[in-house]
Amino acid sequence: MVEDILRQMKTYAKRRDIQALRGVSVLLVIFYHYNIGGFKGGFLGVDVFFVISGFVITQKIATGSGSVRAQLLSFYQSRARRILPVSLLSLLGIAIASSFLLSPLNLHQYMVEGIGVLLTIPNLIFLNQNTDYLSQSLDPSPFLHFWSLGIEEQFYLVWPLLFLLFLRNRKKTIYLLTGLSLVFALLTTYNFSEVYSFYLPTSRAWELLIGASLAVSKKTIEGAKKNLVACIGWGGIVLSVILIGSDQPTPGVSTILPVLSAGLIVLADSKLSTNRFLEWLGDLSFPLYLVHWPLIVILNFRSPEPSVVSRLLLITLALGLSLFLHKFVELKFRSIRGFRKRWIAIYFALGAVAISTLAVSSYSFNNSTSAIKFDLTSPAIYDNGCHLPFKESEPKSSCIFGDQTSDSKIILIGDSHGAQWFPALEEFATQTKRKLVTFTKSGCPATDLPLMRGGITDSECVKWQRALPKKLASEKPEYVIIANATQITAKVATPTNSYVNTWSAGFSSFLEKLKAQGLKVIVIGDTPYPGKNSPSCLSVHLKDPTLCDVKRTRTPSSTVTKEISLKYGAAFIDPLDWICDGATCPAVRGGINVYRDNSHLSVAFTRTLVPALTDALNKVT
3 MVEDILRQMK
13 TYAKRRDIQA
23 LRGVSVLLVI
33 FYHYNIGGFK
43 GGFLGVDVFF
53 VISGFVITQK
63 IATGSGSVRA
73 QLLSFYQSRA
83 RRILPVSLLS
93 LLGIAIASSF
103 LLSPLNLHQY
113 MVEGIGVLLT
123 IPNLIFLNQN
133 TDYLSQSLDP
143 SPFLHFWSLG
153 IEEQFYLVWP
163 LLFLLFLRNR
173 KKTIYLLTGL
183 SLVFALLTTY
193 NFSEVYSFYL
203 PTSRAWELLI
213 GASLAVSKKT
223 IEGAKKNLVA
233 CIGWGGIVLS
243 VILIGSDQPT
253 PGVSTILPVL
263 SAGLIVLADS
273 KLSTNRFLEW
283 LGDLSFPLYL
293 VHWPLIVILN
303 FRSPEPSVVS
313 RLLLITLALG
323 LSLFLHKFVE
333 LKFRSIRGFR
343 KRWIAIYFAL
353 GAVAISTLAV
363 SSYSFNNSTS
373 AIKFDLTSPA
383 IYDNGCHLPF
393 KESEPKSSCI
403 FGDQTSDSKI
413 ILIGDSHGAQ
423 WFPALEEFAT
433 QTKRKLVTFT
443 KSGCPATDLP
453 LMRGGITDSE
463 CVKWQRALPK
473 KLASEKPEYV
483 IIANATQITA
493 KVATPTNSYV
503 NTWSAGFSSF
513 LEKLKAQGLK
523 VIVIGDTPYP
533 GKNSPSCLSV
543 HLKDPTLCDV
553 KRTRTPSSTV
563 TKEISLKYGA
573 AFIDPLDWIC
583 DGATCPAVRG
593 GINVYRDNSH
603 LSVAFTRTLV
613 PALTDALNKV
623 T
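What the sequence shown shows, in the numbering used here, is residues 3 to 623, in sequence order.
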């Protein structure tokens with residue numbers, strides 16, 4: 003009896019080394035999100051959090067007393083008091099701030115994500131949206147960081163039931179489940195979808211279960227070995243942050259290093275891992291994690307290139323807010339015994355206020371009078387399956403548009419910057435009584451240039467690129483139109499081979515193959531890159547859209563594309579004069595947004611270019 007009490011007292015006492023590890027984890031995540039100090043692997047702090055959570059929660063369950071029902075009830079009540087109040091206030095604050103400070107074009111999306119947060123399934127919402135956490139090209143959601151909380155909440159819901167009701171040989175079963183989850187994660191990441199693996203709780207369970215296995219293990223480290231094991235663990239985390247970047251598959255093989263390193267630190271239970279400042283940060287880690295992200299999202303939106311000083315000041319604000327939430331919310335609810343039913347009603351009532359705030363603001367904007375007719379739709383070939391996503395490589399043979407009875411055929415090939423020309427080319431083909439066949443694929447330019455995606459060669463892109471020349475020749479077109487983005491290929495540049503040279507070699511090789519097939523080729527030059535989400539910018543500058551204009555520029559690779567095209571006998575069409583006036587490229591033309599995002603022309607604007615495109619094509623054919 004006495005031994006049980008002492009064991010539980012020791013378990014529930016805060017371990018200083020774990021609090022310090024929490025502090026380091028949240029610091030890494032903040033520095034990564036705030037782009038401070040070059041912590042390219044700072045996002046791995048979340049993986050360390052998972053290990054800590056698995057350990058602490060499993061230890062709490064394993065040392066509980068009373069009936070299974072009583073233990074489960076006590077556990078769920080304590081988790082609700084620990085998580086929901088701070089999470090709810092963060093949700094409410096983010097909803098209000100987003101309604102006033104972020105683009106109203108995104109508020110409906112935020113409303114859906116807010117509902118996901120309220121229902122503790124935000125990770126599944128982002129999975130459904132196919133959101134790439136590590137490669138945000140558009141405005142990131144202020145709710146995006148809740149994905150990890152969703153993983154933990156789902157683990158908390160299922161794990162106590164499994165542990166208390168169904169696990170007989172707990173150690174062996176936990177080891178087995180850990181291995182199965184890791185295998186599932188690796189197979190999903192490398193063979194199916196990195197996005198699925200990133201957000202699915204089944205792909206993240208192994209990280210939490212590493213912590214759980216430590217909680218049920220009787221293995222302890224004694225004496226001087228404690229410090230040695232702790233040093234190895236901290237060394238592994240340092241190496242992870244330095245060597246592992248967001249370009250590597252996550253969760254993947256590289257994720258194993260920080261997870262095992264965190265496990266070693268927990269196992270060591272060494273005083274060497276303690277530090278008062280880091281422990282203080284660890285105490286604040288939960289509210290600090292919740293408030294830091296929406297603040298930087300707002301700052302980046304309002305000031306696309308914030309200074310280091312402004313980012314450091316924002317961290318200070320985040321610390322102040324987290325201190326308030328910790329002292330007046332987190333600690334207050336943690337000290338309360340039991341759980342009151344009316345709290346559930348209050349939780350959903352305040353949640354409804356947050357969601358309603360976003361809904362009303364979104365409705366108000368969408369029904370307001372504006373001189374700009376926003377078109378955010380993608381070309382039709384995105385919806386009918388003709389524009390291939392990342393994981394598909396076989397060109398579709400049924401993607402025929404325009405005058406389908408015509409004997410004359412033209413073909414459009416390229417990546418998404420090729421697909422953006424589809425609306426105009428479809429109209430051109432219909433007017434000139436030609437068939438239009440499309441072969442386009444996201445993130446995969448029509449070149450002989452293997453791209454890197456997730457730290458490895460994009461094999462699906464390579465297959466698609468290699469299949470194109472013979473496929474085009476078999477179609478016997480009047481001519482082939484190539485349009486590519488010229489910036490993404492920076493992912494293949496090496497220190498000894500410049501970006502422009504790499505692009506030149508790949509595009510030259512591709513055109514040479516088309517020339518050998520006897521194909522007539524027309525190349526449409528790349529379009530300017532706004533460098534920001536143009537519609538979002540316009541939505542908050544309706545009175546002065548010129549604030550969203552961009553400078554007229556050509557990338558070096560875009561310039562060399564013209565030279566290579568002419569060298570291999572291809573015609574070249576430069577669309578820059580259609581988009582830009584003098585030294586400026588307006589964000590709005592004729593009341594229409596020129597871009598639908600941060601890179602691609604809008605469908606409505608592209609259709610206004612049909613006369614210019616028709617004239618240009620007639621001149622070169």
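For each residue, glycine too, the CB sits at the ideal point set by N, CA and C. Because the structure is a prediction, the values reported are computed rather than measured.
Please look up how many angstroms separate the CB atoms of residue i and residue j, rounded, as I've assumed it's under 8 angstroms.
i, j, result
"Leu23", "Val50", "7 angstroms"
"Gly508", "Leu451", "3 angstroms"
"Cys446", "Leu453", "7 angstroms"
"Leu46", "Leu29", "Rounded, the Cβ-Cβ distance is 12 angstroms, inconsistent with contact."
"Arg313", "Tyr36", "5 angstroms"
"Ala97", "Ala475", "Going by Cβ atoms, the distance from Ala97 to Ala475 rounds to 56 angstroms, so no, they are not a contact pair."
"Ala187", "Ser199", "5 angstroms"
"Leu1", "Leu319", "What the structure shows of the chain is the stretch from 3 to 623, and residue 1 is not part of that stretch, so it cannot be assessed."
"Leu90", "Ser538", "So it is not a contact: roughly 27 angstroms between Cβ atoms."
"Asp285", "Gln21", "6 angstroms"
"Ser604", "Val612", "So it is not a contact: roughly 14 angstroms between Cβ atoms."
"Thr529", "Lys553", "The Cβ separation is near 14 angstroms, so there is no contact."
"Leu126", "Gly118", "7 angstroms"
"Lys443", "Asp417", "6 angstroms"
"Tyr112", "Phe145", "6 angstroms"
"Gln467", "Thr449", "7 angstroms"
"Ile374", "Leu540", "6 angstroms"
Where does residue i sit, in a helix, a strand or coil, going by DSSP?
i, result
"Cys587", "strand"
"Phe171", "A small fix is needed here, since residue 171 is Asn in this sequence, not Phe. The answer is coil: DSSP assigns Asn171 none of H, G, I, E or B."
"His389", "strand"
"Lys228", "helix"
"Phe424", "helix"
"Tyr669", "The requested residue 669 is not part of the displayed model; the chain covers only 3 to 623."
"Phe574", "strand"
"Val268", "helix"
"Thr371", "coil"
"Val311", "helix"
"Pro185", "As written in the sequence, residue 185 is Val, which differs from the Pro given in the question. Correct three-state label for Val185: helix."
"Val525", "strand"
"Pro497", "Low per-residue confidence applies at Pro497: pLDDT is 45, beneath 50, and the placement is therefore not dependable enough to give any value."
"Ala492", "With a pLDDT of 46 at Ala492, under the threshold of 50, the modelled position of this residue cannot be trusted; read the value that follows with caution. In this structure, Ala492 counts as helix in the three-state DSSP scheme."
Identify every residue that forms a DSSP beta bridge with residue i.
i, result
"Phe403", "Leu438"
"Tyr597", "Leu603"
"Val53", "Bridge partners of Val53: none, in fact."
"Met113", "DSSP lists no partner for Met113."
"Lys443", "Leu390"
"Lys553", "Thr586"
What are the boundary residues of the alpha helix (DSSP H) that residue i is part of?
i, result
"Tyr78", "Val70 to Leu103"
"Ala217", "Pro203 to Val218"
"Tyr34", "Arg18 to His35"
"Ile153", "Phe148 to Leu163"
"Ile298", "Arg278 to Arg304"
"Val464", "Ser461 to Glu477"
"Asp625", "Since the first residue of the chain shown is 3 and the last is 623, residue 625 is not available in this structure."
"Val624", "One cannot answer for residue 624 here, as it falls past the ends of the chain, which runs 3 to 623."
"Phe335", "Leu333 to Arg336"
"Asn130", "Pro124 to Asn130"
"Ser541", "Ser536 to Ser541"
Starting from residue i, follow the beta strand (DSSP E) in both directions and report where the run begins and ends.
i, result
"Lys515", "Segment Tyr501 to Ala518 is the alpha helix (DSSP H) holding Lys515; no beta strand (DSSP E) there."
"Lys411", "Lys411 to Gly416"
"Ala485", "Tyr481 to Ala485"
With a cut-off of 8 angstroms, does the C-beta of residue i fall near any C-beta of chain B?
i, result
"Thr407", "In the structure shown, chain B does not exist; there is a single protein chain."
key: Cβ contact check for the region 81–96 and the region 230–241: 3 or more pairs under 8 angstroms   = No, because fewer than three Cβ pairs between the region 81–96 and the region 230–241 fall closer than 8 angstroms, the two stretches do not touch.
ask   = Three or more beta-carbon pairs under 8 angstroms between the region 558–578 and the region 515–527, yes or no?
value = With three or more CB-CB distances shorter than 8 angstroms, the region 558–578 counts as touching the region 515–527.
query = On the three-pair Cβ rule with 8 angstroms, is the region 125–144 touching the region 173–192?
reply = The region 125–144 makes no contact with the region 173–192, as fewer than three CB pairs between them are under 8 angstroms.
message = Below 8 angstroms, how does it come out for the region 371–389 and the region 588–595: are there three or more Cβ pairs, yes or no?
response = For the pair of segments examined, the region 371–389 was found to touch the region 588–595: the number of CB pairs separated by less than 8 angstroms reaches three.
request  = Report yes or no: do three or more beta-carbon pairs, one from the region 249–256 and one from the region 271–280, lie closer than 8 angstroms?
outcome  = The region 249–256, when compared against the region 271–280, does not touch it at the 8 angstroms Cβ threshold.
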